[in-house]
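One structure below.
2 protein chains.
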Amino acid sequence: MLPDLALAALRALFEGRMSTSAAALAEHAQSESLVTAGKPDAVVFPQSTADVAALAAWSTAHRIPLIGWGAGTSLEGHALAIDKGVVVDFRDMAAVLDIRPEDRLVRVQPGLTREALNRELRTTGLMFSVDPGANASLGGMAATRASGTTAVRYGTMRDNVRGLEVVLADGRVIRTGTGAPKSSAGYDLTGLFVGSEGTLGLITELTLRLHGQPEAVMTAVAAFPGVGQAVDCVIATMQMGLPMARIEFLDTETVVACNAFSGLALPLSPQLLVEFHGHPEGVAEDIRRFREIAAGFGAEGLQWAEASEDRTRLWAARHAAYRAILASRPGAKAVVTDVCVPISALAQAVDETRSDIAASGIRGPILGHVGDGNFHAILLVDPSDPSEVATAKALARRMAERSLRLGGTISGEHGVGFGKLGLMEAEHGEAWSVMGALKRALDPLGLMNPGKLVPGQP
Amino acid sequence: MLPDLALAALRALFEGRMSTSAAALAEHAQSESLVTAGKPDAVVFPQSTADVAALAAWSTAHRIPLIGWGAGTSLEGHALAIDKGVVVDFRDMAAVLDIRPEDRLVRVQPGLTREALNRELRTTGLMFSVDPGANASLGGMAATRASGTTAVRYGTMRDNVRGLEVVLADGRVIRTGTGAPKSSAGYDLTGLFVGSEGTLGLITELTLRLHGQPEAVMTAVAAFPGVGQAVDCVIATMQMGLPMARIEFLDTETVVACNAFSGLALPLSPQLLVEFHGHPEGVAEDIRRFREIAAGFGAEGLQWAEASEDRTRLWAARHAAYRAILASRPGAKAVVTDVCVPISALAQAVDETRSDIAASGIRGPILGHVGDGNFHAILLVDPSDPSEVATAKALARRMAERSLRLGGTISGEHGVGFGKLGLMEAEHGEAWSVMGALKRALDPLGLMNPGKLVPGQP
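These protein sequence lines map, in sequence, to chains A and B. Residue 71 is where the first sequence starts when you use the working numbering, and the numbers rise one by one after that. Residue 71 is where the second sequence starts when you use the working numbering, and the numbers rise one by one after that.
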């Protein structure tokens, strides 16, 4: 509950653009994952940078935390109030502000989703490449340093955010980055805010890099005799330097779930879903080379989806894999894991994870963006069975620890929120305290998304 | 002069690995550019991370600044002591520590130069791509966020540093980054230290990304009827999305200087020097497309250098362009400028810069890595003529201001040091004070390369 004075001041600023209704608070206390927290005290819907700056000034004056909210698709509790605070829902700041085709840049507001952006871009010959599966908001994707299926070719949000407008904890508004493709003038503030999960400020505008829609696109599904061969094929492909646009792994259990959920008829074996982008001559040669590599690992019957509908159908099925896996155990919820290891350690990481899951007694299909060493196990549990939930959480923790042991990271793309806070020191050691020092420098009162990412919070 | 107590303590730590000789101090007060400063009080040659950590503790105890030194090739005074301090010369920390071909990573010490690294890599099929021309140290390149001819394809140091070991101002040693190709776990500290110019800590180890040596390489020189056509050809090429490995512009004056200095016989007109990397089939198609675009802008007689010796000769001449231009006016020194603009503004930026130089009465050949909007004018002056020096500095300032007006940056790749400190507020506004806050958080005593990059120093 907000103190009366604070509430009155907030109403004076956001009358008609805020809510303290039980329904609104409950809606903004939900998460797609098993990570849960308390409810916020209020939800506000700013319409401008000035609104957000006023909100930050209010937050400072009344010592009330602010928590950014995009599309609510994050998986580690990033957008949930730990025990109090105001959720800043960017749904009314979702405009495309400026498309600059000649510079391959677009300026957008943070509440815009990636699918909405790509619809706007359709006729320009350009595309926004980062594709985490969920139709996340672009502000949220930047805050979480999201990536997904195409990162192996076009990079993550780190590589595709050119500049930001950010409202700081004290209400100051800064701009980072320039319209130039590169710069050596000063600390990389854009890079610092990307991945900072709302703990250093609230993103109110983004300038994003665009890429040309590829002239030729070819997608294929390759079936492998075993998980080891599929993973080894990925490793060989990446080490050969093939310019993969996408290279996704699905284990047999994932394939079964996708076939059932999305009406596919993929062979029941581990699969790689690959895509090539380029000019027709380049893609033809890439395909020839991939076919050769894949054959060496026992791949059979590569199925090429040249027609746009077939490709769309395959990728829609891939994106629905999470829901497909959930649907494979009615009533289940999932502990969604997310680790990323050096390519050289990928086979060992997947293999040990599979054995660990197999020994645990719960189901956990594995899939992932294996071209950059990133994979997920979707650990299915009955949420009302504390023993299953505990087993899954222990498995998830061991996956993260295994990733660290193999030289990887506790999160490839989902971020930390508070779901993975307990693993940060293991990954970063003393560098985690440096993150804390940076946090305190920009947010000395600890009002920006407290309880997430950095030490000593709240 | 160091206080006696401080000097005695330093000698106890670095006896035999330090110098206070006039020659050593003078050598470390030199710069390749017209940016000059005072002399350091001592030069030390650490051999290990522990040495650097001990030095930081000494610096904190005695309140003496530390200034990192790699190969001394920086152009904005980054490695110069403003009025006092100890230069940390990394010449004895120049080892390749670990090559991991399967992950395309290499771990190196900061004093290693990029050419030495590429010699070590020659038989591995891999290469380190960042190529600023000078044979800079890799630690210095990271600190300055260097780039160069190949950034248009392979990225700058921002994109090619995977992780760092850094000694902080208080002597703590941290590691940033992991062996995984990406991560969403916490603030991007690697990105923060890259480009921080030694103001946040001293880099003692780098993990760098490597790329496969391309199977096919083709280099060509294209002559254009005028600067406008050459620049417009670059813009069209980039907007078409051709995967250029290099695309360099040389104006006629630069061509004259290179012909004389490097024994070339290039036609006396504005030139583009382009290179394609890939598999033979892809490169052949890239070339066909580039030829078509270039012809549309009046390019004549594309000369292809397919043989490795011819390519090497061309790129050696390009890298010697700075020396060639200096040699074209005996006794001259140069004010080296470095701006980077959005591709859409490149033609206007180059055009206005040329007119400005032409009206100034001094010579200033223009060249640059135009594929990412980055270009340089080498403003030639008689260093003993204050009026010429003042004219050149005013031209340089107007170039930077023009770049800002056109949406660009005051530095594409050379960095800020103290040479461009006076332009930082114009580029960043309030964000510059945020850089200052981050600096104070990690270096509250202001001992790490004071007087550079951030406000309020020393």
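The beta-carbon is built from N, C-alpha and C at its ideal position, and this holds for glycine as well.
Beta carbon of residue i nearer than 9 Å to that of residue j
| i | j | result |
| --- | --- | --- |
| Trp385 (chain B) | Ala290 (chain B) | no |
| Gly441 (chain A) | Val411 (chain A) | no |
| Val157 (chain A) | Gly181 (chain A) | no |
| Ala255 (chain B) | Gly485 (chain A) | yes |
| Ala417 (chain B) | Asp302 (chain B) | yes |
| Ala213 (chain A) | Gly268 (chain A) | yes |
| Leu238 (chain B) | Gly209 (chain B) | no |
| Asp356 (chain B) | Pro313 (chain B) | yes |
| Leu95 (chain B) | Asp111 (chain B) | yes |
| Met197 (chain B) | His98 (chain B) | no |
| Leu474 (chain A) | Gly521 (chain A) | no |
| Val524 (chain B) | Met469 (chain B) | no |
| Leu372 (chain A) | Arg279 (chain A) | no |
| Ala530 (chain A) | Glu370 (chain A) | Past the boundaries of the shown model lies residue 530 (chain A); chain A is included only from 71 to 528, so the question cannot be answered. |
| Ala462 (chain A) | Ser430 (chain A) | yes |
Simplified DSSP state of residue i, which is helix, strand or coil
| i | result |
| --- | --- |
| Phe115 (chain B) | coil |
| Lys522 (chain B) | coil |
| Val291 (chain A) | strand |
| Val486 (chain A) | coil |
| His531 (chain A) | Nothing about residue 531 (chain A) can be reported from this structure: the residues present for chain A run from 71 to 528 only. |
| Gly366 (chain A) | helix |
| Val231 (chain A) | strand |
| Phe198 (chain A) | coil |
| Ala394 (chain A) | helix |
| Ala149 (chain B) | coil |
| Pro528 (chain A) | Caution applies to Pro528 (chain A), whose pLDDT of 47 falls short of 50 and renders its modelled position unreliable; the model cannot decide the point. |
| Glu318 (chain B) | strand |
| Arg279 (chain B) | strand |
Between the CA atoms of residue j and residue i - distance to the nearest angstrom
| i | j | result |
| --- | --- | --- |
| Gly526 (chain B) | Thr274 (chain A) | 28 Å |
| Val304 (chain B) | Ala404 (chain B) | 27 Å |
| Asp159 (chain B) | Phe115 (chain B) | 5 Å |
| Glu146 (chain A) | Thr260 (chain A) | 23 Å |
| Asp258 (chain A) | Gly352 (chain B) | 35 Å |
| Leu72 (chain B) | Leu136 (chain B) | 12 Å |
| Gly482 (chain A) | Ala204 (chain B) | 35 Å |
| Pro251 (chain B) | Thr226 (chain A) | 10 Å |
| Gly249 (chain B) | Ser414 (chain A) | 10 Å |
| Leu493 (chain A) | Arg81 (chain B) | 42 Å |
| Pro337 (chain B) | Gln299 (chain B) | 16 Å |
| Asp162 (chain A) | Gln179 (chain B) | 49 Å |
| Ala447 (chain A) | Pro435 (chain A) | 6 Å |
| Asp201 (chain B) | Ala221 (chain B) | 8 Å |
| Ala123 (chain A) | Arg242 (chain A) | 7 Å |
| Thr479 (chain B) | Arg245 (chain A) | 13 Å |
| Ala306 (chain B) | Glu376 (chain A) | 29 Å |
| Val264 (chain B) | Pro456 (chain A) | 45 Å |
Cross-chain neighbours of residue i in chain B, by beta carbon under 7 Å
| i | result |
| --- | --- |
| Gln309 (chain A) | Glu172 |
| Ile480 (chain A) | Ala255 |
| Leu523 (chain A) | Gly256 |
Within chain A, the residues that residue i reaches when beta carbons sit closer than 9 Å
| i | result |
| --- | --- |
| Asn444 (chain B) | Ala250, Pro251, Lys252 |
| Thr246 (chain B) | His498, Ala501, Val504 |
| Arg242 (chain B) | Glu500, Ser503, Val504 |
Chain-ordered neighbours of residue i on chain B, where CB pairs are closer than 8 Å
| i | result |
| --- | --- |
| Cys303 (chain A) | Within chain B, no residue comes near Cys303 (chain A); the closest Cβ sits about 14 Å away, beyond 8 Å. |
| Asp258 (chain A) | Arg215, Arg228, Asp258, Gly261, Leu262, Val264, Gly265 |
| Met494 (chain A) | Ala255, Gly256 |
| Ala511 (chain A) | Ala507, Leu508, Arg510, Ala511 |
| Ser32 (chain A) | This structure does not reach residue 32 (chain A), given that chain A is present from 71 up to 528, and the question cannot be answered. |
Cβ-heavy atom distance, residue i to the ligand GTP, below 8 Å
| i | result |
| --- | --- |
| Ala255 (chain A) | With respect to the ligand GTP, the structure offers nothing, as it holds no ligand at all. |
Partners in chain B for residue i, counting only beta-carbon separations shorter than 9 Å
| i | result |
| --- | --- |
| Pro549 (chain A) | For chain A, the structure presents residues 71 to 528; residue 549 (chain A) sits outside this window and is missing. |
Proximal residues of chain A, C-beta to C-beta of residue i below 8 Å
| i | result |
| --- | --- |
| His98 (chain B) | Correct list: empty, because the minimum Cβ distance to chain A is about 22 Å. |
Where residue i meets chain A, residues with beta-carbon distance less than 7 Å
| i | result |
| --- | --- |
| Val411 (chain B) | Ala250 |
Do the region 335-348 of chain B and the region 302-319 of chain B meet, that is, are 3 or more Cβ pairs less than 8 Å apart? yes
How about the region 390-409 of chain B and the region 321-329 of chain B: do they share at least three Cβ pairs that are nearer than 8 Å? Segments in contact, yes.
Using 8 Å as the cut-off, can you tell me whether the region 398-417 of chain A makes contact with the region 225-234 of chain B, which would need three or more C-beta pairs spanning the two stretches below that distance? no
Three CB pairs or more closer than 8 Å across the region 74-88 of chain B and the region 514-526 of chain A: Result no; under three Cβ-Cβ pairs closer than 8 Å.
The region 189-199 of chain B / the region 166-177 of chain B touching (three or more Cβ pairs under 8 Å): yes
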